[in-house]
Amino acid sequence: MILKNAIILAAGLGRRTIPLNFETHKAFLEVNGEILIERLIVQLKEAGVSEIIIVIGYKKEQFRYLIDKYEVELIENDDFANSNTLYSLSLAESYLSNSYIIPCDIWCATNPFTSKKDDSSWYMIGDTSKSVTKLDNLSERLAVAFIEQSDSIWIKQRLRELANNPSQQMLAWEELLVTDGELAIPTFKNCEHFIQDINTFEDLIYLDAMSNHLRVEAIDIICTTFDIAPKEIKNVFALKKGMTNRSFMFECKDKSYIMRIPGEGTDKLINREQEAEVYRVIAGESISDELIYISPEKGYKITSFIDGARNCDSNNKSDVSLCMKKLRSFHERGLTTSHEFDLFGEIEFYESLRGNRESIYEDYQSVKNRVLTLKSYIQLNIEKKVLCHIDANPDNFLIFEKNNQTEVRLIDWEYAGMQDPDLDIAMFAIYSQYNREQIDFLIGAYFEEGCEERIRMKIYAYVATAGLLWSNWCEYKQQLGVEFGDYAQSQYDYAKEYSFIVSEYLSTFEDKDN
Numbered sequence: 001m002i003l004k005n006a007i008i009l010a011a012g013l014g015r016r017t018i019p020l021n022f023e024t025h026k027a028f029l030e031v032n033g034e035i036l037i038e039r040l041i042v043q044l045k046e047a048g049v050s051e052i053i054i055v056i057g058y059k060k061e062q063f064r065y066l067i068d069k070y071e072v073e074l075i076e077n078d079d080f081a082n083s084n085t086l087y088s089l090s091l092a093e094s095y096l097s098n099s100y101i102i103p104c105d106i107w108c109a110t111n112p113f114t115s116k117k118d119d120s121s122w123y124m125i126g127d128t129s130k131s132v133t134k135l136d137n138l139s140e141r142l143a144v145a146f147i148e149q150s151d152s153i154w155i156k157q158r159l160r161e162l163a164n165n166p167s168q169q170m171l172a173w174e175e176l177l178v179t180d181g182e183l184a185i186p187t188f189k190n191c192e193h194f195i196q197d198i199n200t201f202e203d204l205i206y207l208d209a210m211s212n213h214l215r216v217e218a219i220d221i222i223c224t225t226f227d228i229a230p231k232e233i234k235n236v237f238a239l240k241k242g243m244t245n246r247s248f249m250f251e252c253k254d255k256s257y258i259m260r261i262p263g264e265g266t267d268k269l270i271n272r273e274q275e276a277e278v279y280r281v282i283a284g285e286s287i288s289d290e291l292i293y294i295s296p297e298k299g300y301k302i303t304s305f306i307d308g309a310r311n312c313d314s315n316n317k318s319d320v321s322l323c324m325k326k327l328r329s330f331h332e333r334g335l336t337t338s339h340e341f342d343l344f345g346e347i348e349f350y351e352s353l354r355g356n357r358e359s360i361y362e363d364y365q366s367v368k369n370r371v372l373t374l375k376s377y378i379q380l381n382i383e384k385k386v387l388c389h390i391d392a393n394p395d396n397f398l399i400f401e402k403n404n405q406t407e408v409r410l411i412d413w414e415y416a417g418m419q420d421p422d423l424d425i426a427m428f429a430i431y432s433q434y435n436r437e438q439i440d441f442l443i444g445a446y447f448e449e450g451c452e453e454r455i456r457m458k459i460y461a462y463v464a465t466a467g468l469l470w471s472n473w474c475e476y477k478q479q480l481g482v483e484f485g486d487y488a489q490s491q492y493d494y495a496k497e498y499s500f501i502v503s504e505y506l507s508t509f510e511d512k513d514n
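Position 156 of the sequence shown, counting from 1, maps to 156 under the UniProt record's numbering, and the rest follow consecutively.
If you want it as structure tokens, here you go:
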């Protein structure tokens, strides 16, 4: 009898299972009263497989109890957010010999591991009548395989070659099986066992419409808001935009909506009561997307999806001009709220969230001191305060066609409050990572009649101040494990460069006075 083991790949985020994956790793979804990964482990042990290795990453703490309960081994993939199953498998390479390779999110009606087909390698596919020899043709891939000892030698060699190449780490592990465009091991049709992978919310409903995991808070809110059952929620998928939130799109009653679930740490950054007030103020103004539901307590929000809408292209001058015209129109309405966005106060607040940790920038204090010297100049040149968006970046402008006219809407009003309208111009500029020439074009698109030099310099001062603000914001988020790469560095660079530009400008007046 061949001594076999099993490698279960369970490191990934499971983005397609949104919103279920926010609270529970997909491996622990419940089907007919059983937890997916526990059912798999039991089936493996029933088949005589005692050595079970699980590669974990996302929500890794949820797997710890399996060590004592089932005597499994855990291997951590700390880079799970930037890798795929090929890299995860490479971490378990030393175990790869007479091995089942199994995803963590499959449900098997009967035990597929008691098959007598384990004297040679195989890759399992769905119950299809077609003969499949190419990976691209595996429309019913199950990612379940058995790798016999002799095949494991060349597969491990390929695994080392690919896994050590950073550009290949996002590959699925099955790419190892492809040689000259053909699968190097035979496929095995899933005709007997009914194996279903649970990739989406709808897959879970298909298997078990009464699963306890369908009662997550986000689903409960949708069902209550629209008076529907979970099975009426269709086409759920994650949206990869937004720096502070986790959002997904869904359909019900033949319409599409977007639900926002607050991201990590946003409870410290955003006042949801103030956000709700802003939405009350702008309701009916044709400024924002249509609000369906908002929870000031939890931060959940549902808005109507605008079909055919696209984000502003910050490198397209026509788009930029169109959006600046909309932004100015919004400012000129003079809407008011009971709260103000305190720019300099927020800098201190975000800095305080770092606790005792020093900034990652060695010259932070000197740059901050120079930025703070601009405060009096800014205050002297504020002409009015109205409701401002504060996060008026290109991704928050939606452009679409309606009744043969081009429309623009502003979305995501989390930071909005009373402020100087010129701050919104600076916010657009620094998110777009504009250079000085581009910033000047942006200012001209907003002030079509021309802009006084003192106002232009005030906007530069806002560029510096907002740069320091978002730099501190990024440093706090990085402590939570969220990385922003070049964006974070660029915000700090704006603080340095534009505080210097404005300081130089102001020094010319001091020289004249002397």
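Using N, Cα and C, we set each Cβ at its ideal position, and we do this for glycine too.
**Asked** Which runs of the beta strand (DSSP E) spanning at least 3 residues fall entirely within the stretch 376-441, listed in chain order?
**Response** For the stretch 376-441, whole beta strand (DSSP E) runs of length 3 or above, ordered along the chain, are 386-388, 397-402, 405-410 and 417-419.
**Request:** Using three-state DSSP, classify Val-236 as helix, strand or coil.
**Result:** The residue labelled residue 236 in the question sits at position 236 within the sequence shown. Residue state, collapsed to three classes: strand.
**Asked** By DSSP, does Ala-229 sit in helix, in strand, or in coil?
**Response** If you number the sequence shown from 1, residue 229 lands on position 229. It is coil, neither helix nor strand.
**Message:** For a test of the three-state rule: what should DSSP assign to residue 533, helix, strand or coil?
**Reply:** The first residue shown for the chain is 1 and the last is 514, placing residue 533 beyond what the model contains.
**Message:** What does the alpha-carbon distance come out to for the pair Ser-376 and Ala-172?
**Reply:** For the purposes of this step, residue 376 is identified with residue 376 of the sequence shown, where counting begins at 1. For the purposes of this step, residue 172 is identified with residue 172 of the sequence shown, where counting begins at 1. The straight-line gap from Cα to Cα measures roughly 56 Å.
**Asked** According to the neighbour-count rule (16 or more other Cβ atoms, all chains shown, within 10 Å of its Cβ), is Pro-166 buried or exposed?
**Response** Along the sequence shown, one-based indexing puts residue 166 at 166. Pro-166 should be labelled exposed.
**Prompt:** Out of Glu-202, Leu-3, Lys-255 and Tyr-476, which has the shortest C-alpha to C-alpha gap to Lys-231?
**Reply:** To locate residue 231, count along the sequence shown from 1; it is residue 231. Nearest in C-alpha terms to Lys-231, of all of Glu-202, Leu-3, Lys-255 and Tyr-476, is Glu-202.
**Message:** Taking DSSP's pairing of strands, which residues face Asn-311 in a bridge?
**Reply:** Sequence index remark: in the sequence shown, residue 311 carries index 311 (1-based). Asn-311 is bridged by DSSP to Leu-398.
**Asked** So His-213 packs on Leu-20, CB below 8 Å; how close in whole Å?
**Response** Taking the sequence shown and counting its residues from 1, the one referred to as residue 213 is at position 213. Taking the sequence shown and counting its residues from 1, the one referred to as residue 20 is at position 20. 6 Å between Cβ atoms; contact.
**Item:** Contact the stretch 409-429 vs the stretch 335-350: 3+ CB pairs below 8 Å
**Value:** Output reads yes: the stretch 335-350 touches the stretch 409-429.
**Request:** Have a look at Cys-252 and Gln-196 and give me their C-alpha separation to the nearest angstrom.
**Result:** Translated into the one-based positions of the sequence shown, residue 252 becomes position 252. Translated into the one-based positions of the sequence shown, residue 196 becomes position 196. Rounded to the nearest angstrom, the two C-alpha atoms are 24 Å apart.
**Request:** Inspect the beta-carbon positions of Val-144 and Ile-102 and report whether they are closer than 8 Å.
**Result:** Looking up residue 144 in the sequence shown gives position 144. Looking up residue 102 in the sequence shown gives position 102. Against a cut-off of 8 Å, the Cβ pair of Ile-102 and Val-144 comes out as a contact.
**Request:** Give the straight-line distance between the Cα atoms of Glu-46 and Arg-39, rounded to the nearest whole angstrom.
**Result:** Here residue 46 refers to the residue found at position 46 of the sequence shown. Here residue 39 refers to the residue found at position 39 of the sequence shown. Roughly 11 Å between the two C-alpha positions.
**Asked** Counting Cβ pairs, one atom from each stretch, are 3 or more of them under 8 Å apart for the stretch 347-365 and the stretch 458-475?
**Response** yes
**Prompt:** What residue does the alpha helix (DSSP H) around Leu-269 start on, and which one ends it?
**Reply:** By one-based count along the sequence shown, residue 269 stands at place 269. 266-269 is the extent of the alpha helix (DSSP H) around Leu-269.
**Request:** Quick one: which unbroken alpha helix (DSSP H) runs of 4-plus residues sit fully inside the stretch 447-484? Chain order, please.
**Result:** 453-479
**Prompt:** Among Lys-59, Asp-119 and Asn-82, which has the Cα closest to the Cα of Lys-4?
**Reply:** If you number the sequence shown from 1, residue 4 lands on position 4. When each option's Cα is compared against that of Lys-4, the closest is Asp-119.
**Prompt:** Mapping DSSP to helix, strand and coil, what is Phe-22?
**Reply:** Start at 1 with the first residue of the sequence shown, and residue 22 comes out as number 22. Residue state, collapsed to three classes: helix.
**Request:** Under 7 Å Cβ to Cβ from Lys-268, same chain only, skipping five residues before and after it: list those, please.
**Result:** For the purposes of this step, residue 268 is identified with residue 268 of the sequence shown, where counting begins at 1. Cβ neighbours of Lys-268 beyond the five flanking positions: Leu-353.
**Prompt:** Which whole-angstrom value is the C-beta distance of Cys-155 and Leu-96, which I expect to be below 8 Å?
**Reply:** Numbered from its first residue, the sequence shown carries residue 155 at position 155. Numbered from its first residue, the sequence shown carries residue 96 at position 96. Here the sequence assigns Ile to residue 155, which means Cys is not the residue at that position. Between Leu-96 and Ile-155 the Cβ distance is about 7 Å, and since that is below 8 Å, they are a contact.
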